[in-house]
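Structure first, commentary second.
Protein chains: 2
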Amino acid sequence: MGGTKIAAGMVSAEGKLLAEVRHPTPHSPKRLIEAIAEAIAEVRDGHEVGGVCLAVPGNILATENRVIFSPNLHAIEGIELKEALEPKIGLPLTVENDANAAAWGEFRFGAGSGVNHLVFITLGTGIGGGVITHGVLMRGAQGAGGELGHTTIQATGPRCACGNHGCLEALASGTAIRRRAREVAIERPGSALDSLASTREILGEDVTRLAEEGDGAALSVLREAGVWLGIGLAGFVNVFNPEVVAIGGGVVEAGELILDPARREIMLRARSPSRDLAEIRMATLGAKSGVLGAAALARDPGSGEYVLGDP
Amino acid sequence: MGGTKIAAGMVSAEGKLLAEVRHPTPHSPKRLIEAIAEAIAEVRDGHEVGGVCLAVPGNILATENRVIFSPNLHAIEGIELKEALEPKIGLPLTVENDANAAAWGEFRFGAGSGVNHLVFITLGTGIGGGVITHGVLMRGAQGAGGELGHTTIQATGPRCACGNHGCLEALASGTAIRRRAREVAIERPGSALDSLASTREILGEDVTRLAEEGDGAALSVLREAGVWLGIGLAGFVNVFNPEVVAIGGGVVEAGELILDPARREIMLRARSPSRDLAEIRMATLGAKSGVLGAAALARDPGSGEYVLGDP
């Protein structure tokens with residue numbers, strides 16, 4: 006589920022996407038529920054399906070299968086999704102936060118397959134996250150766990166969309182990159198970034214393109230975002246001692262221009278042995294991580310490969 | 006194990022401390038191993054014992070039963086503890102970080118008994134932490150997980166003992182409180198804090214006592230530490246969605262003078278539903294949390310009450 010479209014997929018036990026449909030998201034609660042049920046029926050198309058997991062944006066209360074707050078999809082807030090949808094679709098339904106579902110997708114089929122401890126972070130307009138620890142999807146007591154983007158890393162920093170100051174999201178998201186690009190364009194007159202900013206609004210991909218072309222101003226914007234990302238990740242590396250940190254979302258188009266400074270910062274700020282183990286990788290499933298992860302969670306409640314006593 | 010003393014306890018399955026001995030810590034590797042073996046023999050005193058867990062300060066590599074870095078107990082660094090001790094004691098031995106052991110103690114027998122999701126933080130000279138998520142002790146891939154004190158919360162903040170800037174430990178530990186007390190004493194001439202600081206070095210308990218007597222300068226030092234603590238805890242509440250956050254360590258002597266501003270900051274910075282659920286409590290086992298937790302871990306590898314699929 007997203008603010009602009011609904012994607013429904015039918016997925017095999019091995020993580021193969023057998024069918025997929027996409028529809029625009031209606032923004033009234035009643036039409037939204039109908040559209041979800043229709044997308045499921047359409048993708049299912051008579052095949053035998055065991056269950057459905059709905060990956061939803063925003064803060065969820067998984068214990069009640071409800072979304073409490075969804076800034077881009079207010080229509081879904083408060084609906085008892087299990088009660089509303091199960092009678093329509095005739096299948097068991099669970100609800101998961103979209104970033105947690107994507108983390109589970111990367112854990113089962115992508116950048117984290119083969120490990121037991123994965124931190125997944127998605128850098129887009131906002132920053133989402135999901136954590137697998139000892140092979141278990143870390144949902145927390147209510148299913149609201151794994152909210153990595155609103156960790157404060159600079160308490161006196163810029164205001165975040167969530168209302169706080171200095172969240173990781175306020176410093177390293179696509180939104181933060183665009184904000185800094187506007188500021189740096191003014192600070193560095195004559196740069197390619199400045200020239201472009203004087204003609205139109207700067208997008209994230211502009212910053213990446215100009216940086217790849219060697220513009221110092223654009224490079225510094227991405228380096229700075231990478232340093233902030235590294236500061237946040239260093240804390241997560243210390244806290245979770247993961248084998249892999251997988252980075253997804255649109256911002257990873259900038260690749261090493263962001264990941265290289267992030268890795269350096271992790272080596273400066275995180276501790277041994279955690280910093281030496283953690284491999285900072287790009288996520289590999291792209292936009293499919295959510296649908297593959299949700300499907301795997303419909304089958305497997307998120308307990309993974311956990312072996313008692315490991316390590 | 007601590008930098009000044011070794012405490013050995015014999016503990017029943019129900020968490021009853023049946024016997025305890027304490028000895029000064031030797032600081033040569035050979036004498037240290039002998040002293041640990043002697044303390045175990047002494048507390049055991051002929052009783053049938055199933056196993057031993059050594060709770061050690063510093064960064065551990067649990068997968069190899071080794072301590073990598075221990076600022077207050079360098080003698081223990083690098084020793085293969087299992088190989089060195091098992092032949093001497095004739096019992097299976099495991100190694101755990103001391104804060105993780107204390108977290109497990111509070112989870113099994115203290116402030117976190119009855120919940121499945123606990124964040125434990127110990128505020129002393131430094132800040133240690135341990136997390137239980139879905140009933141599992143979150144050790145991470147190498148047993149180095151749960152290192153909460155070195156999360157950056159103000160990247161441009163004061164230097165930490167670990168070498169970084171703006172760690173939670175650099176802003177909310179006993180060491181941070183003493184540093185700020187010296188600074189605030191100068192900023193507020195005529196305060197009781199200033200009067201005392203002109204006669205001798207300020208200790209943490211001085212700040213608490215003066216604050217309890219109503220000195221505005223001392224109150225502001227504790228309030229500020231409480232705000233920083235709350236900023237760090239807000240991130241952990243978002244990330245772990247815990248039922249309980251238990252605070253232990255010497256600094257909690259200051260009680261609500263620190264916890265009240267911390268709670269307010271959590272309500273400002275953490276998100277619903279996590280912030281509404283998390284109860285910020287004092288730890289209840291005091292200095293016994295480590296020995297009780299370690300003993301429980303010798304018996305139970307830390308898998309707790311986890312039920313697959315919960316929630």
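Protein chains in written order, with our numbering: chain A, 6 to 316; chain B, 6 to 316. A virtual CB, placed ideally from N, CA and C, is assigned to each residue, including glycine.
With distances taken between CB atoms, is the gap from V72 of chain A to E88 of chain A smaller than 7 Å? Taking the first residue of the first sequence as position 1, residue 72 of chain A is located at position 67. Taking the first residue of the first sequence as position 1, residue 88 of chain A is located at position 83. A distance of 7 Å or more separates the beta carbons of V72 of chain A and E88 of chain A.
Over the uninterrupted alpha helix (DSSP H) stretch that includes K87 of chain B, give me the two end residues. Numbered from 1 along the second sequence, position 82 holds the residue referred to as residue 87 of chain B. Element bounds for K87 of chain B: 86 to 94.
Own chain partners of A67 of chain A with C-beta closer than 7 Å, once the 5 adjacent residues on each side are dropped: As a working note, residue 67 of chain A is residue 62 in the first sequence. Non-local beta-carbon contacts of A67 of chain A in its own chain, meaning distances under 7 Å to residues more than five positions away in sequence, involve V100, E101, R144, Q147, G148 in chain order.
G235 of chain B versus L98 of chain A - alpha carbon distance: If you number the second sequence from 1, residue 235 of chain B lands on position 230. If you number the first sequence from 1, residue 98 of chain A lands on position 93. Spanning the two alpha carbons is a distance of roughly 36 Å.
Taking CB distances under 7 Å as the criterion, tell me whether G145 of chain B reaches chain A. By 1-based counting over the second sequence, the position of residue 145 of chain B is 140. Interface residue, yes.
Coarse secondary structure for P266 of chain A, derived from DSSP in three states: Here residue 266 of chain A is taken as the residue at index 261 of the first sequence, counted from 1. DSSP places P266 of chain A in the helix class (H, G or I) of the three-state scheme.
Mapping the DSSP letters down to three states, classify R71 of chain B as helix, strand or coil. Here residue 71 of chain B refers to the residue found at position 66 of the second sequence. DSSP places R71 of chain B in the strand class (E or B) of the three-state scheme.
Going straight from the alpha carbon of I182 of chain A to that of S294 of chain A, what length do you get? On the first sequence, residue 182 of chain A is found 177 positions in, with the first residue counted as 1. On the first sequence, residue 294 of chain A is found 289 positions in, with the first residue counted as 1. The straight-line gap from Cα to Cα measures roughly 24 Å.
Give me the Cβ distance between I207 of chain B and I252 of chain B, rounded to the nearest whole Å; I'm assuming they're in contact under 8 Å. Here the question's residue 207 of chain B lines up with position 202 in the second sequence. Here the question's residue 252 of chain B lines up with position 247 in the second sequence. I207 of chain B to I252 of chain B, Cβ: 22 Å. No contact.
Apply the 10 Å Cβ neighbour rule to L201 of chain A and answer buried if 16 or more other Cβ atoms are within range, or exposed otherwise. For the purposes of this step, residue 201 of chain A is taken as the residue at position 196 of the first sequence. Its Cβ being crowded by 16 or more others within 10 Å, L201 of chain A is buried.
Spatially closest choice to L176 of chain A from A:G131, A:G140, A:D199, by CA coordinates: Reading the first sequence from its first residue, position 171 is the one you call residue 176 of chain A. Distances from the CA of L176 of chain A to each of A:G131, A:G140, A:D199 were compared; the closest alpha carbon is that of A:G131.
Which class does D315 of chain A belong to by DSSP, given the choice of helix, strand or coil? Stepping through the first sequence from its first residue, residue 315 of chain A is reached at position 310. Because the pLDDT of D315 of chain A is 39, which lies under 50, any placement of that residue in the model is unreliable, and the number read from its coordinates should be weighed accordingly. Three-state DSSP puts D315 of chain A in coil, outside helix and strand.
For A12 of chain A, which residues from the same chain have a beta carbon less than 7 Å from its beta carbon, with the 5 sequence-adjacent residues on both sides left out? On the first sequence, position 7 is the one that residue 12 of chain A refers to. Answer for A12 of chain A: E25, R27, V296, listed in chain order.
Specify whether the segment 151 to 160 of chain A and the segment 237 to 247 of chain B touch according to this definition: at least 3 beta carbon pairs, one from each stretch, less than 8 Å apart. The segment 151 to 160 of chain A, when compared against the segment 237 to 247 of chain B, does touch it at the 8 Å Cβ threshold.
S277 of chain B CB to nearest chain A CB: under 7 Å? Stepping through the second sequence from its first residue, residue 277 of chain B is reached at position 272. Yes, S277 of chain B counts as interfacial toward chain A.
Hey, would you say L215 of chain A sits closer than 7 Å to A197 of chain A, going by beta carbons? Position 210 of the first sequence, counted from the first residue, corresponds to residue 215 of chain A. Position 192 of the first sequence, counted from the first residue, corresponds to residue 197 of chain A. It is a contact, given that the beta carbons lie within the stated cut-off.
Environment of S353 of chain A [buried if 16+ CB atoms lie within 10 Å]: For chain A, the structure presents residues 6 to 316; residue 353 of chain A sits outside this window and is missing.
Using only alpha-carbon positions, find the residue among B:A259, B:A275, B:R269, B:A303 that is nearest to V129 of chain B. If you number the second sequence from 1, residue 129 of chain B lands on position 124. It is worth fixing the name first, because residue 129 of chain B is Gly in this sequence and not Val. For G129 of chain B, the closest C-alpha among the options B:A259, B:A275, B:R269, B:A303 is that of B:A259.
Touch check for the segment 224 to 232 of chain B and the segment 254 to 268 of chain B: three-plus C-beta pairs under 8 Å? Remark: three or more beta-carbon pairs, one from each stretch, lie closer than 8 Å, so the segment 224 to 232 of chain B and the segment 254 to 268 of chain B are flagged as touching.
Anticipated Cβ contact below 8 Å, E111 of chain B with G117 of chain B, distance rounded: As a first step, residue 111 of chain B is located in the second sequence; it is residue number 106 there, counting from the start. As a first step, residue 117 of chain B is located in the second sequence; it is residue number 112 there, counting from the start. Yes, they are in contact, since the Cβ atoms of E111 of chain B and G117 of chain B sit about 5 Å apart, within 8 Å.
Classify E310 of chain A as helix, strand or coil using the three-state DSSP reduction. Taking the first sequence and counting its residues from 1, the one referred to as residue 310 of chain A is at position 305. Caution is warranted here: a pLDDT of 45 is assigned to E310 of chain A, below 50, making its placement in the model unreliable, and the coordinate value is therefore given only provisionally. In the structure shown, E310 of chain A sits in coil (DSSP, three-state: anything other than H, G, I, E or B).
Where H79 of chain B falls: helix, strand or coil (DSSP): The count along the second sequence starts at 1 and reaches residue 79 of chain B at position 74. Helix.
L23 of chain B: buried (16+ other C-beta within 10 angstroms of its C-beta) or exposed? What you label residue 23 of chain B is simply residue 18 of the second sequence in a count that begins at 1. L23 of chain B comes out exposed.
Inter-residue spacing [alpha-carbon to alpha-carbon] between G56 of chain A and K93 of chain A: Taking the first sequence and counting its residues from 1, one reaches residue 56 of chain A at position 51. Taking the first sequence and counting its residues from 1, one reaches residue 93 of chain A at position 88. Looking at the backbone, the Cα of G56 of chain A and that of K93 of chain A are separated by about 13 Å.
Between the segment 234 to 251 of chain A and chain B, which residues of the former have a C-beta closer than 7 Å to a C-beta of the latter? Of all residues in the segment 234 to 251 of chain A, I236, A239, G240, N243, V244, F245, N246, P247, E248 have a Cβ within less than 7 Å of some Cβ in chain B.
Of all the CB atoms in chain A, is at least one closer than 7 Å to the CB of N64 of chain B? Mapped onto the second sequence, residue 64 of chain B falls at position 59. It does: the Cβ of N64 of chain B has a partner Cβ on chain A nearer than 7 Å.
By DSSP, does P34 of chain B sit in helix, in strand, or in coil? Locating residue 34 of chain B in the second sequence gives position 29, where the first residue counts as 1. In this structure, P34 of chain B counts as helix in the three-state DSSP scheme.
Which residues in the same chain as P34 of chain B place their Cβ atom closer than 8 Å to its Cβ, once the five residues preceding and following it in sequence are excluded? If you number the second sequence from 1, residue 34 of chain B lands on position 29. Closer than 8 Å at Cβ, skipping near neighbours: A80, I81, I84.
Bridge partners for H28 of chain A per DSSP, in chain order? The residue given as residue 28 of chain A occupies position 23 in the first sequence. For H28 of chain A, which the question treats as bridged, DSSP gives the partners A:I11.
What's the C-alpha gap between L90 of chain B and G63 of chain B? The count along the second sequence starts at 1 and reaches residue 90 of chain B at position 85. The count along the second sequence starts at 1 and reaches residue 63 of chain B at position 58. Rounded to the nearest angstrom, the two C-alpha atoms are 19 Å apart.
Residues from the segment 49 to 78 of chain B in contact with chain A, defined by Cβ distance under 8 Å: Contact residues of the segment 49 to 78 of chain B toward chain A are N64, L66, A67, T68, I73, F74 (C-beta to C-beta distance below 8 Å).
Spell out whether any CB of chain A is found under 7 Å from the CB atom of A197 of chain B. Here the question's residue 197 of chain B lines up with position 192 in the second sequence. No, no contact with chain A.
When you compare only the Cα positions, how much space is there between E310 of chain A and P31 of chain B? Numbered from 1 along the first sequence, position 305 holds the residue referred to as residue 310 of chain A. Numbered from 1 along the second sequence, position 26 holds the residue referred to as residue 31 of chain B. Residue confidence is low: E310 of chain A scores 45 on pLDDT, short of 50, so the model does not pin down where it sits. Its coordinate-derived value is still stated next. Answer to the nearest angstrom: the Cα atoms are 42 Å apart.
State the Cα-Cα distance for the pair L59 of chain A and G255 of chain A, rounded to the nearest angstrom. Indexing the first sequence from 1 puts residue 59 of chain A at position 54. Indexing the first sequence from 1 puts residue 255 of chain A at position 250. Cα to Cα, L59 of chain A sits roughly 22 Å from G255 of chain A.
Taking Cβ positions only, does P316 of chain A come closer than 7 Å to chain B? Locating residue 316 of chain A in the first sequence gives position 311, where the first residue counts as 1. Interpretation of P316 of chain A is limited by its pLDDT of 37, a score under 50 that renders its predicted location unreliable; no figure is taken from the coordinates.
Would you identify the three-state DSSP class for V48 of chain B, choosing helix, strand or coil? Here residue 48 of chain B refers to the residue found at position 43 when the second sequence is read from its first residue. V48 of chain B falls in the helix class under three-state DSSP.
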